[in-house]
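Have a look at the structure below, then the notes.
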Amino acid sequence: MSHYFDEMEARSPQDRETAIARALPAQIARAKELPGYRGALDDVDPATVTRAADLAALPVLRKSDLSRAQADNGPFGGLTTRPASGFAHIFQSPGPIYEPGGAAHDWWRMGRFLHACGIGQGDIVQNCFGYHLTPAGMIFESGARAVGAAVVPAGTGQTELQVRAAADIGVTAYAGTPDYLKIILDKADEMGVSLSITRAAVGGGALFPSLRQEYADRGITCLQCYATADLGNIAYESEAMEGMIVDESVIVEIVTPGTGDPVEPGQVGEVVVTTLNPDYPLIRFATGDLSAILEGLSPCGRTNMRIKGWMGRADQTTKIKGMFVRPEQVAELVSRHDDIARARVIATREGEMDVMTVQIEATGGAADSFANTVRDVLKLKGQVEVVQPGSLPNDGKVIEDLRSYD
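Residue numbers (my numbering): 219 to 624.
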């Protein structure tokens, strides 16, 4: 098996930038023609958007925007270049939000991840992602098809039958959530059945180091990917297990939650993705997840940008004193004063009362000088604390709820 899925993974930065400079304007042009982007991209000249950095001038598209667009423009919100009948599959996520699925070669781009896991021809994958309405099962099945592996479309449940199938068929690889494999393995132990699984491709949940080690102790190499129903594969682990390598057909930005403004490299922020899929050109789609860019290149030799993986949720909207405080409001608070670098809203309780404290990183100015802006923007009175620049935690949080709900 070749070390790389294709030559794209080992491109030089210059070759990758050249390819993006060709593909990105074409993708923006496709999006401009779609009714779902009407108004959002009207003033954008696609020819001027040739680099990832150029995307920062474009608006962010959020899940809530998808819901509204689908209510106005049909099942895909006028954001696809084909009608619903032109796709192989139509999936439904909570909301409901509908996502398209294609049957073309590796439409979800999951083959790259499975190849990095060492899965390929001769392997049989027990695919324990769901096939009912949601796309995860089909996403991983299409990836297995791309690398030439056979698939047992298992889903979840009926664990004894899963063990029996894995043993009888000779399953060599697992695809599913990180913890469900342990359920299968434990059931196999209980049944006295020996399984031949040596590789696991997981996603859809946190892979804790202790669980990965337990699999390693059983002789199973377990790697994880970061994917969504809307975008397919975004980033994936290689055998180096140092961060996640960004897929070659997406562009990832890390922005301040509640804004579209890129953070400094290494800072935690919200993951915003632009996909180069011509069928579904999502431009600056906000995932609602937190991560950070990991400096340097992977020791495995793949040259694309790396992120640290999933680090929490960016949607930190919190109700304080009966009023919702949103990340967008914290971003507006920062923008009102040139000397504010960052801000953080902290919710606590004193007795039976909510307390809001706003910590502001600023080079000058007294707390009182920011109090009126806090009240105007957040619609609440709160304690204001001015702290030294760089002293707030680098965790992507702009709203922190420290109240106990026990």
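The beta-carbon is built from N, C-alpha and C at its ideal position, and this holds for glycine as well.
Closest Cα partner of LEU596 within the set ARG560, VAL548, CYS440 and PRO231: Distances from the alpha-carbon of LEU596 to those of ARG560, VAL548, CYS440 and PRO231 put VAL548 closest.
Determine the extent of the beta strand (DSSP E) in which HIS307 is found, giving its start and end residues. 307 to 311 is the span of the beta strand (DSSP E), which, as asked, contains HIS307.
For VAL602, three-class secondary structure by DSSP: In the three-state scheme derived from DSSP, where H, G and I count as helix and E and B as strand, VAL602 is classed as strand.
For ALA445 and PRO607, the rounded distance between their alpha carbons: So the alpha carbons of these two residues sit roughly 34 Å apart.
Is ARG621 helix, strand or coil when you go by DSSP? Three-state DSSP puts ARG621 in coil, outside helix and strand.
Just the C-alpha distance for ALA561 and PRO475, rounded to the nearest angstrom, thanks. Using only the alpha carbons, I get a separation of about 12 Å.
DSSP three-state assignment for PRO231, whether helix, strand or coil: Three-state result, PRO231: helix.
Measure the alpha-carbon distance for ALA274 versus LEU425 and round it to whole angstroms. ALA274 and LEU425 have their C-alpha atoms some 32 Å from each other.
Length at least 3, wholly inside the segment 486 to 573: the beta strand (DSSP E) runs in chain order: If only uninterrupted beta strand (DSSP E) runs of at least 3 residues are considered, those enclosed by the segment 486 to 573 are 487 to 493, 503 to 509, 536 to 538, 541 to 543 and 558 to 568.
Start and end of the alpha helix (DSSP H) containing ASN345? Not the alpha helix (DSSP H): ASN345 falls in the beta strand (DSSP E), residues 342 to 345.
Here's the rule I'm using: 16 or more other beta-carbon atoms within 10 Å means buried, otherwise exposed. How should GLU328 be labelled? According to the sequence displayed, residue 328 carries Met and not Glu. Buried: at least 16 other Cβ atoms inside 10 Å.
Own chain partners of GLN380 with C-beta closer than 8 Å, once the 5 adjacent residues on each side are dropped: Taken in chain order, the residues that qualify are GLN344, CYS346, ALA372, ILE402 and LYS405.
Is the beta carbon of GLN442 closer than 7 Å to that of VAL420? With respect to GLN442, VAL420 sits close: the two C-beta atoms are nearer than 7 Å.
In whole angstroms, what separates the C-alpha of ASP586 from that of GLU471? If you take the alpha carbons of ASP586 and GLU471, they lie about 35 Å apart.
How long is the line joining the alpha carbons of ARG330 and TYR454, rounded to whole angstroms? Roughly 8 Å separates the two Cα atoms.
So GLY423 packs on GLY527, CB below 8 Å; how close in whole Å? The Cβ separation is near 12 Å, so there is no contact.
Please confirm whether ALA287 and GLY295 have their CB atoms less than 7 Å apart. In contact: ALA287 and GLY295 (Cβ atoms closer than 7 Å).
Coil, strand or helix - GLY394 by DSSP: It is a strand residue.
Applying the criterion that 16 or more other CB atoms from any shown protein chain within 10 Å of the CB defines a buried residue, is GLN376 buried or exposed? That one is exposed.
When you compare only the Cα positions, how much space is there between ASP479 and TYR392? Cα-Cα distance, rounded: 39 Å.
Whole-number beta carbon distance between GLY348 and GLY340, since they are thought to touch under 8 Å: Your pair GLY340 and GLY348 does not check out as a contact, with CB atoms roughly 26 Å apart and the cut at 8 Å.
Residues sharing a beta bridge with LEU590, DSSP: Per the sequence shown, residue 590 should be read as Asn rather than Leu. ASN590 is not bridged to any residue.
May I ask which residues mark the beginning and end of the beta strand (DSSP E) holding LEU441? From DSSP, the beta strand (DSSP E) with LEU441 extends over 439 to 446.
Which residue or residues does DSSP assign as beta-bridge partners of THR575? ILE564 and GLN601.
Is the CB-CB distance between GLY487 and GLY614 below 7 Å? It is a contact, given that the beta carbons lie within the stated cut-off.
Measure the beta-carbon distance from GLY600 to VAL576 and round it to whole angstroms, keeping in mind my assumption that it falls under 8 Å. That pair is a contact at about 5 Å.
List the endpoints of the continuous alpha helix (DSSP H) containing ILE357. Run containing ILE357: 354 to 365, per the alpha helix (DSSP H) assignment.
Where does GLY329 fall in DSSP's three states? In the structure shown, GLY329 sits in a helix (DSSP, three-state: H, G or I).
List the DSSP bridge partners of ALA453. Paired residue(s): TYR444 and VAL464.
Using beta-carbon positions only, say whether PRO353 and TYR316 come within less than 7 Å of one another. Cβ distance not < 7 Å, so PRO353 and TYR316 don't count as in contact.
On the premise that LEU515 lies in contact with ILE525, defined as a C-beta separation below 8 Å, what is that separation, rounded to the nearest angstrom? Contact flag wrong, Cβ pair sits at about 13 Å.
Looking at C-alpha atoms only, which residue of PRO253, ILE452, ASP465 and ALA322 is the closest neighbour of ALA289? A check of alpha carbon separations from ALA289 across PRO253, ILE452, ASP465 and ALA322 identifies PRO253 as the nearest.
Best match in MET529, LYS537, ALA580 and MET574 for proximity to ASP557 [C-alpha to C-alpha]: Looking at MET529, LYS537, ALA580 and MET574, the one whose alpha-carbon comes closest to that of ASP557 is ALA580.
Within 7 Å, strictly: CB atoms of GLU432 and MET226: No, the Cβ-Cβ distance between GLU432 and MET226 is not below 7 Å.
Taking just the CA atoms, how far does LEU332 sit from VAL370? Take the alpha-carbon of VAL370 and the one of LEU332: they are about 15 Å apart.
For GLU378 and ASN451, what's the separation of their Cα atoms in angstroms? Distance between GLU378 and ASN451, taken at the CA atoms: about 31 Å.
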